[in-house]
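Engineer: Please see the structure below; I have some questions.
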Amino acid sequence: MIFYREMSLKILGVASSMREISYSTRILKQVLEKSEKNGAETRLLNLRKLQLPIYHPEKNNSSEIDKVTEYVKWADAFILATPDYHGSMSGVMKNFLDFFWSDFTGKTFGYVCASHEKGLTVMDQMRTAVRQCYGWSMPYGISVNSDQDFDKQGNITNKNIIARIEMIGRDLVVYGSLIADQYKKDLQSKESNTFAARYR
Ligand SMILES: Cc1cc2nc3c(=O)[nH]c(=O)nc-3n(C[C@H](O)[C@H](O)[C@H](O)COP(=O)(O)O)c2cc1C
Numbered sequence: 001m002i003f004y005r006e007m008s009l010k011i012l013g014v015a016s017s018m019r020e021i022s023y024s025t026r027i028l029k030q031v032l033e034k035s036e037k038n039g040a041e042t043r044l045l046n047l048r049k050l051q052l053p054i055y056h057p058e059k060n061n062s063s064e065i066d067k068v069t070e071y072v073k074w075a076d077a078f079i080l081a082t083p084d085y086h087g088s089m090s091g092v093m094k095n096f097l098d099f100f101w102s103d104f105t106g107k108t109f110g111y112v113c114a115s116h117e118k119g120l121t122v123m124d125q126m127r128t129a130v131r132q133c134y135g136w137s138m139p140y141g142i143s144v145n146s147d148q149d150f151d152k153q154g155n156i157t158n159k160n161i162i163a164r165i166e167m168i169g170r171d172l173v174v175y176g177s178l179i180a181d182q183y184k185k186d187l188q189s190k191e192s193n194t195f196a197a198r199y200r
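First residue of the sequence shown: 1, per our numbering; consecutive thereafter.
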């Protein structure tokens, strides 16, 4: 196990497929496992099980919203996992981002997508939304193809995907820790012309 900081980085994996046997959720779980091996503490938020209402600015009282709020505030970093729906993220994922955008500042995001293409537009659209919420995005993600990357039992057969899972499970802990630590230092410092100064 590699320790990069005194406290473990807290990573929240967000699954947004409504399918019980979901490829994106499966990969997300493996990334969380690798992140734990690199010293992170992880939680899985599966939006298929903990279903949020559709975002409404005046109707925001529910036990589901409270539970997800607690998870989001707990996290230092996120991995967002989604199926490719028309070249974009699932509506469930977009709804999650609409609810919790104000808690993403100073946090790092990694991405997983299940697509029959390469999932690039999907991950870019999640990056765009996260940028608008002042989150920091990993420059690469993992895109899996259900027809090409798995055997009939659902095991990953593509060695490149296995290597990517290892890589992002390591990199998110390293870069997520650097950004989280610097953001906390900047919040506490008196320096005025920093990104974090706006959030004191
Ligand atoms: C509404 C809808 C739209 C979809 N649009 C696309 C698409 O534009 N491109 C694509 O490659 N796959 C598309 N798909 C297929 C899913 O992305 C694919 O089945 C994926 O593996 C599902 O991920 P999951 O197993 O995590 O649910 C679509 C599926 C649905 C239900």
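Beta carbons are placed, not taken as given, at the ideal position from N, Cα and C, and that holds for glycine. As the structure is a computational prediction, the values presented were derived from the model and not from experiment.
Looking only at its own chain, which residues have a Cβ that is under 6 Å from the Cβ of P83, when we skip the five neighbours before and after it?
Structural biologist: Taking the sequence shown and counting its residues from 1, one reaches residue 83 at position 83. Within the same chain, P83 has close Cβ partners S17, S24, S90 and A114.
Engineer: Hey, could you find the ends of the beta strand (DSSP E) S22 is sitting in?
Structural biologist: Stepping through the sequence shown from its first residue, residue 22 is reached at position 22. Run containing S22: none; DSSP gives neither H nor E here.
Engineer: For my contact list, A129 and T108 are in at a C-beta cut-off of 8 Å; report their separation, rounded to the angstrom.
Structural biologist: As a first step, residue 129 must be located in the sequence shown, where it is residue number 129. As a first step, residue 108 must be located in the sequence shown, where it is residue number 108. A129 to T108, Cβ: 15 Å. No contact.
Engineer: Starting from R127, follow the alpha helix (DSSP H) in both directions and report where the run begins and ends.
Structural biologist: In the sequence shown, residue 127 corresponds to position 127, counting from 1. Counting along the chain, the alpha helix (DSSP H) containing R127 begins and ends at L120 to Q132.
Engineer: Assign T105 to one of three DSSP states: helix, strand, or coil.
Structural biologist: Stepping through the sequence shown from its first residue, residue 105 is reached at position 105. Coil at T105, not helix or strand.
Engineer: Would you say H86 touches ligand 1, meaning its beta carbon is less than 7 Å from a heavy atom?
Structural biologist: Within the sequence shown, numbered from 1, the residue matching residue 86 stands at position 86. For ligand 1, at least one heavy atom lies less than 7 Å from the Cβ of H86.
Engineer: Using only alpha-carbon positions, find the residue among A40, T42, K67 and N60 that is nearest to K49.
Structural biologist: Here residue 49 is taken as the residue at index 49 of the sequence shown, counted from 1. Closest option to K49, Cα to Cα, is K67.
Engineer: So does S137 have its beta carbon nearer than 7 Å to some heavy atom of ligand 1?
Structural biologist: Taking the first residue of the sequence shown as 1, we reach residue 137 at position 137. Incorrect: S137 has no Cβ contact closer than 7 Å to ligand 1.
Engineer: Does the distance between the C-beta of E117 and the nearest non-hydrogen atom of ligand 1 fall short of 7 Å?
Structural biologist: As a first step, residue 117 is located in the sequence shown; it is residue number 117 there, counting from the start. Yes, ligand 1 has a heavy atom inside 7 Å of this Cβ.
Engineer: When every heavy atom of ligand 1 is checked, does at least one fall within less than 7 Å of the C-beta of T128?
Structural biologist: On the sequence shown, position 128 is the one that residue 128 refers to. No; taking the cut-off as 7 Å, the Cβ of T128 has no heavy atom of ligand 1 nearer than that.
Engineer: Using the C-alpha atoms, what's the distance from D151 back to G169?
Structural biologist: Along the sequence shown, read from residue 1 onward, the residue named residue 169 stands at position 169. Along the sequence shown, read from residue 1 onward, the residue named residue 151 stands at position 151. Taking the straight line from one Cα to the other gives about 23 Å.
Engineer: Count the CB pairs spanning the stretch 8-17 and the stretch 31-50 that are closer than 8 Å, and state whether there are at least three.
Structural biologist: Contact between the stretch 8-17 and the stretch 31-50 is present, because at least three Cβ pairs lie under 8 Å.
Engineer: Could you tell me whether any non-hydrogen atom of ligand 1 is closer than 7 Å to the CB of S35?
Structural biologist: Position 35 of the sequence shown, counting from 1, holds the residue named residue 35. Every heavy atom of ligand 1 is 7 Å or more from the Cβ of S35, so no.
Engineer: Buried or exposed: where does D149 fall if 16 or more other Cβ atoms within 10 Å of its Cβ makes it buried?
Structural biologist: Against the sequence shown, residue 149 aligns to sequence position 149. So D149 ends up on the buried side.
Engineer: So what's G204 in DSSP terms, helix, strand or just coil?
Structural biologist: What the structure shows of the chain is the stretch from 1 to 200, and residue 204 is not part of that stretch, so it cannot be assessed.
Engineer: Could you check whether the Cβ of S90 sits closer than 8 Å to any Cβ belonging to chain D?
Structural biologist: Of the protein chains in this structure there is only one, and it is not chain D.
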